[in-house]
Each structure stands twice: as structure tokens, then as C-alpha cells.
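Residue numbers (the working numbering), protein chains in the order written: chain R, -19 to 342; chain U, 592 to 905.
Okay, structure first, notes after.
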Amino acid sequence: MKMSRSKLLVPIVAILLGFALGAAVLIATGRSPVDMFYAMLQSVSGKNLRADTFNPRYIGEFVVQSMPIMLTGLSVGFAFRTGLFNIGAEGQLMVGSIAAVAVGLGIQAPPVVHVLLVLAAAMLAGGLWGAIPGFLKARFNVHEVVVTIMLNYVALFLNNWAIVAIFKSADSVKTAVIPETGLLKSAMLAELTNGSRLNWGFVPVLLSILVYWFIIEKTTFGFSLRAVGFNKDGAQYAGMKVNRNIVSSMIIAGAFAGLAGAVITVGTFSFGRALPAAEGYGFDGIAVALVGGNTALGVLFSGLLFGMLKAAQPLMQSQGIPKEVASIIQASIVLFIAMKFGIEYLMKKLKPKKTTVEEVES
Amino acid sequence: MSLLLTMIPIALVYATPLIIAALGGLYSERSGIVNIALEGIMMVGAFTAASVTVWLEPSPMAAYWGILAGIAAGVLFSLLHAFASIHLKADQVVSGTALIILAGGVTVYLCQIFFDQQRTNAFSTGLSKISVPGLSKIPFLGPVLFQDVYTTTYAAFALVVLTWFVVYKTPFGLRLRACGEHPQAAASMGISVLAMRYVGVLLSGAFAGLAGAAMVLTQDIQYTIGSVHGAGFIALACLIFGKWNPFGVLGAGLFFGLSQALSIYAKDIPLLQSVPQDFFYMLPYILTVIALVVFSGKSVGPKAAGELYDAGKR
Chain R
-19 MKMSRSKLLV
-9 PIVAILLGFA
1 LGAAVLIATG
11 RSPVDMFYAM
21 LQSVSGKNLR
31 ADTFNPRYIG
41 EFVVQSMPIM
51 LTGLSVGFAF
61 RTGLFNIGAE
71 GQLMVGSIAA
81 VAVGLGIQAP
91 PVVHVLLVLA
101 AAMLAGGLWG
111 AIPGFLKARF
121 NVHEVVVTIM
131 LNYVALFLNN
141 WAIVAIFKSA
151 DSVKTAVIPE
161 TGLLKSAMLA
171 ELTNGSRLNW
181 GFVPVLLSIL
191 VYWFIIEKTT
201 FGFSLRAVGF
211 NKDGAQYAGM
221 KVNRNIVSSM
231 IIAGAFAGLA
241 GAVITVGTFS
251 FGRALPAAEG
261 YGFDGIAVAL
271 VGGNTALGVL
281 FSGLLFGMLK
291 AAQPLMQSQG
301 IPKEVASIIQ
311 ASIVLFIAMK
321 FGIEYLMKKL
331 KPKKTTVEEV
341 ES
Chain U
592 MSLLLTMIPI
602 ALVYATPLII
612 AALGGLYSER
622 SGIVNIALEG
632 IMMVGAFTAA
642 SVTVWLEPSP
652 MAAYWGILAG
662 IAAGVLFSLL
672 HAFASIHLKA
682 DQVVSGTALI
692 ILAGGVTVYL
702 CQIFFDQQRT
712 NAFSTGLSKI
722 SVPGLSKIPF
732 LGPVLFQDVY
742 TTTYAAFALV
752 VLTWFVVYKT
762 PFGLRLRACG
772 EHPQAAASMG
782 ISVLAMRYVG
792 VLLSGAFAGL
802 AGAAMVLTQD
812 IQYTIGSVHG
822 AGFIALACLI
832 FGKWNPFGVL
842 GAGLFFGLSQ
852 ALSIYAKDIP
862 LLQSVPQDFF
872 YMLPYILTVI
882 ALVVFSGKSV
892 GPKAAGELYD
902 AGKR
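So, in C-alpha cells, the structure goes:
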């Protein structure tokens, strides 16, 4: 398999180049890249190698940061597999969050049932929000990129409106606290990680990764979705329902992102929040999906990578390193992946000339 | 009526960066390269303009040097997009996404290096307003259009006309459009698709850089991560809503500028009092989606925009 090797090679080269560039930026501006790597190590392991202290809270926060971006990564990746570019994970996430608050505050139910209803509502809302660009693409051939960008902002302002007008926020910033039964919070997990915000959110996240893998790799439905992504006309000719697949794919993608909204709102936090601007989970998801090659396992690992970058930010800042270097590294990795033709060309040039059978055949 | 008189100047201030950035997007998309990174380029332009203005003040020309620097920074930043998507055949949306993430990172990173905080220092005046002598005395129109107006607003109007002329009345414009409609055909007539697309993307960088500079120097006191707050995406909306046409862009920009001004003044207008402010913020985005549906089926946008250029394709 020639494909799989280059599929792994490009992200790895891109990641290495991204970190190298980040380190170079730090050196050029008189900061120490060593401090940055210490901060990253501490955010993953909880160990401060310099002071030789250990604080498991960092590990908890690292997982907390990774959870939503894995889900938005799944969302973007799922749409990618059907040949759709979902920049709308951010908006789907926000609509999911609105639904989570609505069910969290609006109904009373026994402990486990309540939180399950919250998650289901968020997935449903995200799915419906995703269905809009899917339907417009299928019915009117309107490009999903522009529609999803526009819907992100609609969702943002819808959220801010709902926080005040529907959920009657007292301070116009956050809603009342959602009852315990509707939350993913766990005293045990928090205690285990020295008071971090770690919560049961990782269970639906891991299940989602499993579901993603199963749908894409193991079902006929997933196969026909991939067929549409690979060659729309070919899939049509083979008798697949291209338009229906586009809508279904966007609904499922939206549901993943909607779930991310719930994980943030009833896991990381315990109330709905009005936001001055989008928080970037959608863009994080694009990075996660690209680096992860749109595969379930890839999303898991790249979610951890970018989660680490996010979690290390406060640590970097406290050590005098501008935390935005993390965004610079993330953007460079995305840019390098986008330049994959360039990287592949470079790799070919660096390798000693030996024309293999594969190359001749390709 | 007097409310309208106070609202129009504010709407013009809001509309200015939208129009300029959308014109930038027009050059890029007409050449066949989708540029969703207008937002990011605007941030870079805004940051550079604010920084240079802070450094050069109290020189009376500080803001204008700031604007020039913003344009230059926009061009340099868009070079990344051009190189990735034209030379290396990167997916244009992915490359644009990278630029948006990068812009937020780089600008605030540099704020921390230069100013030791998450934002630039505040400039004292920014761009100052001017009044056109004589014309500002015209009843009604005078105070609205010629009194206390930013020069960037006039620049926006001038650029609309200039862009229309360049794109529709010059050989260069014809070639640019050809590259966005059918690059293979353009190439067969001896036009360098590569070069035209570079020009298109770099022009979009210059315009978006100018837009960002105009925005921060007229609507803000310093550059922060929130200075551009989605204007680049509204500009993208303007481009679509204006059917990729300079005068359409002008109309869309004025309309969206007015809708933003309305969000501030709605509480004073009896009919609009009960409409929540967030609705006015949403309006440009919703209208753009509707416009896309209405335009669908009619080919209004550049046909080859967003496609990888394959010289061998028929």
C-alpha cells in the first residue's frame, strides 16, 4: 500500500515542521523553546521536571481540552469522507450547547436519564443545524463552505440571544447552573486529578470515535458515503443516492459537533454562556481531522496532540512564553498539510533515486 | 429623519472595511482562487496599522503610514495563501483556514513581544475625519456625506469604481476573469494562469490589509484579537450578495453596514424596538445564505474558483 505510507508520512513531517517553526519563532523573538517543550511535557504528564513536582490536575485539564476538539475533528472528518468541507462544526457545536442548556434547565429527570437526554438533544440540534448546509448542497448545489461559515455566525448570535431571552440569564453572560442530574461532572474524577474539570465527557467522546470507525469502515452506508466523497458521479452511476448521502453525512457530522457543545456546556462548565466571539473549536476540528487523516484512530491521536497544545497554553504564559505560539504551531501544521504535494515532492527529492515498480505504475 | 442623519455616517464607517475587503476577495475569486482568509488578512493588516500608528504618533501622518504598512503586511501574508494554493496546489479552503488560525496567533504573539500585553498600545487619534469644504454646506447631503467623514470611506467608493474599470474595461481584467472562468482556455491563449492568480491573491491581500487598517483606525482604539470580529466573513458575504460585481459589492456593503448601525439605534425606532439586537447581527449571514439559494442554478460566481488548476484538463 503506497497510499497509507504517505498518509502517515505527510502529517508526521507537517507536525515536526510545525513545532520546528514554533521553536524558530520563539528563538527569533528571544524566548526559549526549551521552556515551551517543558510546558508541553508538564501539561501531558503533570510532572514539572524542573521543580520535580507532580500535579495530576494538569493531566485532567489536558483530557478536558482534548475532548471537544476530538468531536469537532470527527465532525469535520466525517464530512470530509463524503467530500464535504464542514467549516460549520463551530456553529453546530453552539446549537448543540443551546439544546443542552434547554434540556438541562428545562426538564427534571432521574440522574443518568437526564444527562443522556441532554446529550441526545445536543446531538439532535447539531444534526439539524448540519442538515441545513447538507440540504442546500443536495437540493440547490450551494457550496457548503460558505453556508457553514455563515451559519456559524447565525448560531453564535442565536446562542447569545437565547442565553438572555430564553434562559433568562441574570448577568447576560451565563445562565443559572444546570442541576446535578443533567451534568457530566464527577466528584470522583475531579478528586482523582486534584480538582481539575475532568468529567464523564470522555465516555461519549470515546464512544463517538468507535461509532465513527464503525460507520465509516464497517457499514455499507459508510462505504457509499466514502464512494460519494471519492467520486460523486461514479457513485451516482453505481446507483447510490448521492444527494441523500450528502444530507445524511452532514447530519451525522453536525451531531458529533453538537455533542461537543454538550460536553463543554454540561461537562467542562455547568451552565450556558454568552460568547463575544466564536471559540475556535471548529477550526481546531479542521486541524484535528486533517492531521488525523479523517480516520477514527487518527482523530484520537491528533485530538490529543492539539489538546496538549491548548492545555499547555496557560503554562507557557506563566513561564513568559506568549501562549499564541500554540496557534502559530497549529496553523503551520495545517498549512504544511495543505502543502502536501510540496512535502511529497520534497520527500521524493530527498530520497536516493530508485525508481520502484510502484512509481512506474502510478 | 434626524435619526437617519446620525445613522448614515455610522453605517458608512461600518461599511467601509466591508466594501474594501470584499473587493479584495473579488480580485482573488475572479482569478480563480477562493480566499476565505479575508478575516485573517484583515487581522494582520489591522495589527500592523495599529502598531505603526502607535509608534509614529504624534506625527500627523502616523495613521497613513499605518495604513500603508497594513497594506504591505496584507500582501506579504496573502503570499502564503498564494504560494500554497497556486504553487503547491493546496486545497484553497484548508490553506485559508490555516491563515485564519495563523493570523490570530501571530498578531497577538507579536503584541506580547512588542507591547508586553495581549493587545497593542492604544493610539491617541487614529485616523482623523475630514470635511470637504463647500460640499459640506449642501443641505441634507452635505452633513451626511461630506462632513466629518473618514478618507478611507472615500477610498472605498473610489476603489469600487476603479475595480469595476480594471475588471471589466482593461485587458488585464479580461485575462483575470478568464483565469477564473476557464483557466485552460486562458492558458491556450498564452495567458500565464499562475501569474494572474498570484496577482489576484496578492491584490486581495492588499485590499484586505487596507480594510483591516481602516477598521482598526476608525472603529477601535487599539488592536485586540476582537478588533476584526467577523468583518472578513461579512466581506465574503458581501462578495456573494453582490454577485462578484464591484457595484453589487458596494450595495451589499452599504446594506450590511446599515444593518449594523441599525443594531445600535433600533432601540430608538418604535417599529424595531422589540427586535433583539442579535437579530441585526445575524441578518447579513442569513441573507447571504438566502442569496446563495436564489442565485443557485444561475452561474453568477467565477466558474473555476476553488478548483485545482490542471493544465491538461479539457
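Even glycine gets a Cβ: it sits at the ideal position worked out from N, Cα and C.
CA-to-CA distance, ILE309 of chain R to LEU1 of chain R, given in whole angstroms: Distance from the CA of LEU1 of chain R to the CA of ILE309 of chain R, rounded to the nearest whole angstrom, comes to 7 Å.
Proximal chain R residues relative to GLN703 of chain U, where beta-carbon distance stays under 8 Å: Around GLN703 of chain U, the beta-carbon contacts reaching into chain R at under 8 Å are PRO302 and GLU304.
Based on DSSP bridge pairs, tell me the residues matched to PHE34 of chain R. For PHE34 of chain R, the pairing in a beta bridge is given by DSSP as R:LYS27.
Proximal chain R residues relative to PHE832 of chain U, where beta-carbon distance stays under 7 Å: Simply none; closest approach about 10 Å.
Of the residues that make up the stretch 307 to 327 of chain R, which ones have a beta carbon closer than 9 Å to any beta carbon in chain U? Taking a C-beta cut-off of 9 Å against chain U, the contacting residues of the stretch 307 to 327 of chain R are SER307, ILE308, ILE309, GLN310, ALA311, SER312, ILE313, VAL314, LEU315, PHE316, ILE317, ALA318, MET319, LYS320, PHE321, GLY322, ILE323 and TYR325, listed in chain order.
Kindly provide the ranges of any alpha helix (DSSP H) runs that are 4 or more residues long and lie completely inside the stretch 71 to 141 of chain R, ordered along the chain. Complete alpha helix (DSSP H) runs here, min 4: 91 to 120.
Cα separation between LYS212 of chain R and ILE860 of chain U? For LYS212 of chain R and ILE860 of chain U, the distance between alpha carbons rounds to 51 Å.
With a 10 Å radius around its C-beta and 16 neighbouring C-beta atoms as the bar for buried, classify GLU197 of chain R as buried or exposed. Residue environment analysis places GLU197 of chain R among the exposed positions, since fewer than 16 neighbouring C-beta atoms fall within 10 angstroms of its C-beta.
Among U:THR639, U:GLY665, U:VAL666 and U:ALA664, whose alpha-carbon lies nearest the alpha-carbon of ALA653 of chain U? Looking at the Cα atoms, U:THR639 is the closest of the given residues.
Residue interval of the alpha helix (DSSP H) (run including GLY202 of chain R): Per DSSP, GLY202 of chain R belongs to the alpha helix (DSSP H) from 200 to 210.
What residues are listed by DSSP as bridge partners for ARG253 of chain R? DSSP lists R:LYS154 as partners of ARG253 of chain R.
Taking SER906 of chain U as the reference, give the member of U:LEU701, U:GLY897 and U:ALA637 with the closest Cα. Any property of residue 906 of chain U remains undetermined from this structure, which presents chain U solely from 592 to 905.
What number of angstroms, rounded off, separates the C-alpha of LEU572 of chain U from the C-alpha of SER850 of chain U? Outside the shown range of chain U (592 to 905) lies residue 572 of chain U, about which nothing can therefore be said.
Can you tell me the Cα-Cα spacing of SER779 of chain U and LEU767 of chain U, whole angstroms? Answer to the nearest angstrom: the Cα atoms are 14 Å apart.
Does DSSP put ASN712 of chain U in a helix, a strand or coil? The answer is coil: DSSP assigns ASN712 of chain U none of H, G, I, E or B.
Taking MET130 of chain R as the query, report the chain U residues whose CB atoms sit under 7 Å from its CB, ordered along the chain. Per Cβ cutoff of 7 Å: ALA828, TYR876, THR879 and VAL880.
Apart from the five residues just before and just after LEU899 of chain U, which ones in its own chain have a Cβ nearer than 7 Å to its Cβ? Closer than 7 Å at Cβ, skipping near neighbours: LYS680.
What would DSSP say about LYS858 of chain U, mapped onto helix, strand or coil? LYS858 of chain U: helix per DSSP, three-state reduction.
With 9 Å as the C-beta to C-beta threshold (strictly closer), list the residues of the stretch -6 to 5 of chain R near chain U in chain order. Residues VAL5.
Does the distance from the CB of ILE630 of chain U to the CB of GLY823 of chain U come in under 8 Å? For clarity, residue 630 of chain U is Glu in the given sequence; the question names Ile instead. The Cβ-Cβ distance between GLU630 of chain U and GLY823 of chain U falls below 8 Å.
Please report whether the beta-carbon of PHE263 of chain R lies at a distance below 8 Å from any beta-carbon of chain U. Answer yes: the Cβ-Cβ gap between PHE263 of chain R and chain U drops below 8 Å somewhere.
If we define contact as Cβ-Cβ less than 8 Å, is ILE611 of chain U a contact residue for chain R? Not one chain R Cβ lies under 8 Å of ILE611 of chain U.
Assigned exposure category for ASP682 of chain U - 16 Cβ within 10 Å defines buried: By the 16-neighbour rule on beta-carbons within 10 angstroms, ASP682 of chain U is buried.
Alpha carbon of MET(-19) of chain R to alpha carbon of GLY214 of chain R, nearest angstrom: With a pLDDT of 35 at MET(-19) of chain R, under the threshold of 50, the modelled position of this residue cannot be trusted; read the value that follows with caution. So the alpha carbons of these two residues sit roughly 23 Å apart.
Let me know the secondary structure DSSP gives VAL740 of chain U once reduced to three states. Of the three classes helix, strand and coil, the one that applies to VAL740 of chain U here is strand, per DSSP.
Look up ILE196 of chain R in the DSSP assignment and say whether it is helix, strand or coil. Of the three classes helix, strand and coil, the one that applies to ILE196 of chain R here is helix, per DSSP.
Please tell me whether LYS65 of chain R has its Cβ less than 8 Å away from any Cβ of chain U. The sequence shown places Phe at residue 65 of chain R, rather than the Lys named in the question. Under the Cβ criterion of 8 Å, PHE65 of chain R is counted among the residues facing chain U.
Rounded separation between SER342 of chain R and VAL697 of chain U - CA only: In this prediction, SER342 of chain R scores a pLDDT of 43, lower than 50, which makes its location untrustworthy; no coordinate-derived value is stated.
8 Å Cβ cutoff met for LEU617 of chain U and VAL840 of chain U: It is a contact, given that the beta carbons lie within the stated cut-off.
Per-residue burial, GLY10 of chain R [other beta carbons within 10 Å of its own, 16 or more giving buried]: Classification of GLY10 of chain R: exposed, given that the 10 Å Cβ count is below 16.
Rounded C-beta distance between GLY844 of chain U and ILE601 of chain U? I'm assuming under 8 Å. Between GLY844 of chain U and ILE601 of chain U, the beta carbon gap of about 14 Å keeps them out of contact (Cβ cut-off 8 Å).
If you reduce the DSSP assignment to three classes, tell me which class LYS728 of chain U lands in. Residue state, collapsed to three classes: helix.
Would ILE244 of chain R count as contacting chain U if we go by Cβ distances under 8 Å? It does not: the Cβ of ILE244 of chain R has no partner Cβ on chain U nearer than 8 Å.
At least one CB of chain R closer than 8 Å to the CB of MET598 of chain U: is that the case? With 8 Å as the cut-off, MET598 of chain U does not count as an interface residue toward chain R.
For a cutoff of 8 Å on Cβ pairs, would you count PHE824 of chain U as touching chain R? Judged by the 8 Å Cβ criterion, PHE824 of chain U is in contact with chain R.
Chain R residues whose Cβ lies nearer than 9 Å to that of VAL697 of chain U: For a Cβ distance threshold of 9 Å, residue set VAL5, GLU304, SER307, ILE308 and ALA311 of chain R lies close to VAL697 of chain U, ordered along the chain.
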